[in-house]
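Reading through the structure tokens given below for one structure.
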Amino acid sequence: MLHGTVSNHSGEKFYLRKYYLIIAALIFIICNYSFEAFGQGTVVNKTFYSKSLDKNRGVQIYLPQGYDPQSTVKYPVIYFLHGATVNQTQYTPLFDIFNNLIAAHLISPLIVVKPDGSIGPWGGSYYTNSELYGNFEDYIVYDLVDFIDSAYNTYMSRQKRAIMGHSMGAFGAMYLALKHPAVYCGVSAHSGPLDFRNFSSWAQLAFYENGGSKWVSVPIYNPSAGIMTYLFYTMAGAFSPNLNNSPYPVDFPLDSLGHWIDSVWNRWSVYNPALLARNITANSDLTIYFDCGLQDEFILYNFMNAFADSLDNLGLPYMYQTYNGDHTNQLVNRFPISFRFLDSVMNVAVPVELTSFTAIANGKEVTLSWSTTTELNNQGFEVQRKFSSNDFVTIGSVKGNGTTTSPNHYSFLDKLIDPGKYFYRLKQVDLNGTFEYSNVIEVEVRTLDKFTLEQNYPNPFNPVTTIGYVLQEKSNAKLTLLNSLGEEIEVLVNEERDKGYHKVEFDGAKLSSGVYFYQLKAGNYIETKKMLLLR
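Oh and the sequence shown: position 302 is 301 in numbering that gives the first Met the number 0, straight run, nothing missing.
Given below as structure tokens:
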């Protein structure tokens, strides 16, 4: 364990720089830093449909030199989460760093995935499931992993999958790794808010940004008042959204005197990585690295130091380093340390190689199918299921084939389950009792024996959302859009439809922000739901 020593530097003097100068520095460093690259991988830009967000999202993917989609060669994967106010197209020096490290044989060839975590109305999603932003956590952990594993030559194994990020992405990487240790074997975080107990300094600055003082209270915090207020609103959208609040659809964490509001703070605490770490046991094989500059403009080294103390108190191993630098100016020197750290974690043999894992719903039954190419001392698989926010439970088991180099195919039928969204994973158990989890897959089981109008998703939306509904029998279905006065604006569906599940995509590009309603009429069935267009 390497725990960097922090001396009493005066990093606080940097925090009042103009936000736009910080962003300009970030864009300059991340986008314009040049390297002499010795081996050229391929960078591809893709879009894919996310079930959790119910829309297409962009993703940038680095494929190492020599990658051949027709080959049987498999690669480990590092998922990189970007910071606030930018998207997946930034941090381009990452690719030259990978080229050079691979060419110098300092890391193994691997695939790097940069998903888009940006979302309005502020700086980004913070990679959580949010009523305001959408289910970005599920998008990263489930949808993205499934897409990459199905589209590229990857090991479908947690032991060959790691996650890292910077700033907002540093929080996201640590939050997701600690909450989903069955998905990632390692995590690396650069300059992020990893222990929320240090937000008091930010709170004071946000109070001052809005004209607050010993004699003046703040009636309402303005997102444009300054960087700390803007970041608080960004995080409130992730940690404490409230669509019923106006003019900003969040519960802001500070009162008019700059003090924490306990009820809001309690909601934020659920996402605090320092508290999530309590779920990790001391003998866990989740490997953790994080670092921060001593002159960070956002005083984040205080957050990182406190996080290190929290891990010490829990007896969890980690590697932590501090260095002379600010929020961005040493990233090109720090990223290679992360890459080599994560590569060393993933560079172990995989005894059972899983090549596919799918789920198909048919009525109230779900059929799970999976295949392996090789097996070593494979006792078998435990099939585990999770519903809603519950924990995974084992619902059955399938015997393995011991040691074999021949492909094998397995299946399991989950019978008589109630309608809803379910998650499945496999727990592969070796003959000596050690085990490894597969990636998590998702399936929707719907009831078809009654009329149903589903909540649109995403909600709020800008400008596209999807409305799903179920017809109990073949019916004349009319789906209409209404304004806040109940007046019909647009007819989305007006025709005979077969029994079953249907959905329609609505584009509100021509409408102004506000509350709208949508109504389904089918025979004697009428139901109305509310949705929010937020630009």
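Note that the Cβ used here is the ideal one computed from N, Cα and C, for glycine as well.
Fair warning: this is a prediction, and the values are worked out from it, not measured in the lab.
Same chain, Cβ closer than 6 Å to residue i, five either side skipped, listed in chain order
i	result
Tyr-220	Asn-209, Thr-228 and Phe-251
Phe-302	Pro-192, Leu-193, Asp-194 and Asn-197
Ala-358	Val-365, Leu-367, Tyr-423, Ile-440 and Val-442
Met-530	Asn-455, Asn-458 and Tyr-515
Thr-146	First, the amino acid is wrong: residue 146 is Phe here, not Thr. The residues are Phe-47.
Rounded separation between residue i and residue j - CA only
i	j	result
Thr-327	His-81	12 Å
Tyr-288	Pro-192	14 Å
Pro-335	Leu-100	8 Å
Gln-471	Ala-161	44 Å
His-165	Tyr-151	25 Å
Thr-464	Gly-122	21 Å
Phe-34	Asp-148	In this prediction, Phe-34 scores a pLDDT of 42, lower than 50, which makes its location untrustworthy; no coordinate-derived value is stated.
Glu-275	Asp-53	In the sequence as presented, Glu is not what sits at residue 275; that position holds Leu. Taking the straight line from one Cα to the other gives about 28 Å.
Tyr-436	Pro-246	44 Å
Trp-267	Lys-178	15 Å
Leu-533	Ser-512	5 Å
Gln-427	Ile-279	20 Å
Gly-211	Pro-462	36 Å
Ala-202	Ser-262	16 Å
Ser-291	Glu-489	Checking the sequence, you will find Cys at residue 291 rather than Ser. So the alpha carbons of these two residues sit roughly 52 Å apart.
Ala-237	Leu-375	43 Å
Gly-507	Leu-491	12 Å
Ser-200	Phe-206	10 Å
Phe-356	Ser-156	11 Å
Ala-273	Leu-256	27 Å
Asp-308	Leu-353	38 Å
Test: residue i CB closer than 8 Å to a CB of chain C
i	result
Val-140	The chain inventory of the structure shown lacks chain C, comprising one protein chain alone.
Candidates the options: closest to residue i by CA position
i	options	result
Lys-608	Phe-94, Lys-449 and Gln-89	Given a span of 0 to 534 for the chain in the structure shown, any question on residue 608 remains unanswerable.
Tyr-141	Glu-489, Ser-343, Gln-471 and Val-439	Val-439
Phe-138	Gly-57, Gly-164 and Tyr-515	Going by the sequence as given, residue 138 is Tyr instead of Phe. Here the closest residue by C-alpha is Gly-57.
Asn-493	Val-514, Ser-483 and Gln-518	Gln-518
Thr-433	Phe-356, Gln-158 and Pro-316	Gln-158
Lys-385	Asn-98, Leu-480 and Asp-413	Asp-413
Phe-411	Ile-488, Arg-445, Glu-435 and Trp-369	Trp-369
Ile-77	Thr-153, Pro-68, Leu-510 and Glu-487	Thr-153
Val-351	Ala-281, Lys-398, Asn-304 and Asp-429	Asp-429
Gly-594	Asn-282, Tyr-524, Leu-425 and Gln-329	Lying outside 0 to 534, the shown extent of the chain, residue 594 is not represented and no answer is given.
Val-144	Phe-170, Ser-49, Tyr-174 and Leu-105	Ser-49
Glu-526	Lys-509, Leu-480 and Pro-75	Leu-480
Val-112	Leu-62, Lys-73, Leu-105 and Tyr-66	Leu-62
Pro-120	Thr-371, Phe-460 and Thr-354	Phe-460
Leu-310	Gly-40, Pro-92 and Met-173	Met-173
Met-234	Leu-484, Gly-171, Leu-452 and Asp-390	Gly-171
Thr-372	Thr-404, Ile-110, Gln-329 and Gly-399	Thr-404
DSSP state of residue i mapped onto helix, strand, coil
i	result
Asp-417	coil
Ile-247	For the record, residue 247 in the displayed sequence is Tyr; it is not Ile. DSSP places Tyr-247 in coil when its eight states are reduced to three.
Ile-359	strand
His-8	Below a pLDDT of 50, predicted positions are generally treated as unreliable, and His-8, at 32, falls in that range; the measurement from the model is reported next regardless. Residue state, collapsed to three classes: coil.
Met-318	strand
Ser-239	coil
Val-42	strand
Ser-343	helix
Gln-329	coil
Thr-127	coil
Asn-265	helix
Thr-571	The question about residue 571 has no answer here: the residues shown for the chain are numbered 0 through 534.
Arg-157	helix
Asp-79	A small fix is needed here, since residue 79 is Phe in this sequence, not Asp. Here Phe-79 sits in strand by DSSP.
Phe-302	helix
Own chain partners of residue i with C-beta closer than 8 Å, once the 5 adjacent residues on each side are dropped
i	result
Ser-396	Gly-379, Phe-380, Glu-381 and Val-382
Gly-185	Ala-161, Ile-162, Ala-176, Leu-285, Thr-286, Ile-287, Tyr-288, Phe-340, Leu-341, Val-344 and Met-345
Pro-240	Ser-129, Glu-130, Leu-131, Tyr-132, Pro-248, Val-249 and Asp-250
Glu-495	Lys-473, Ser-474, Asn-475 and Ala-476
Close-in-space but distant-in-sequence residues of the same chain around residue i (CB under 7 Å, 5 per side omitted)
i	result
Ile-22	Interpretation of Ile-22 is limited by its pLDDT of 43, a score under 50 that renders its predicted location unreliable; no figure is taken from the coordinates.
Asp-295	Gly-10, Ser-190, Asp-325 and His-326
Gly-40	Tyr-61, Leu-62, Pro-63, Gln-64, Phe-94, Phe-97 and Asn-98
For residue i, the residue or residues it bridges with in DSSP
i	result
Gln-383	Thr-393 and Arg-424
His-189	His-165 and Asp-290
Trp-214	According to DSSP, Trp-214 bridges with nothing at all.
Trp-369	Phe-356 and Tyr-409
Arg-196	For Arg-196, which the question treats as bridged, DSSP gives no partner whatsoever.
Asn-552	For the chain, the structure presents residues 0 to 534; residue 552 sits outside this window and is missing.
Lys-501	According to the sequence provided, residue 501 is His. The question's Lys does not apply to it. His-501 is bridged to Tyr-468.
Ala-476	Glu-494 and Ala-521
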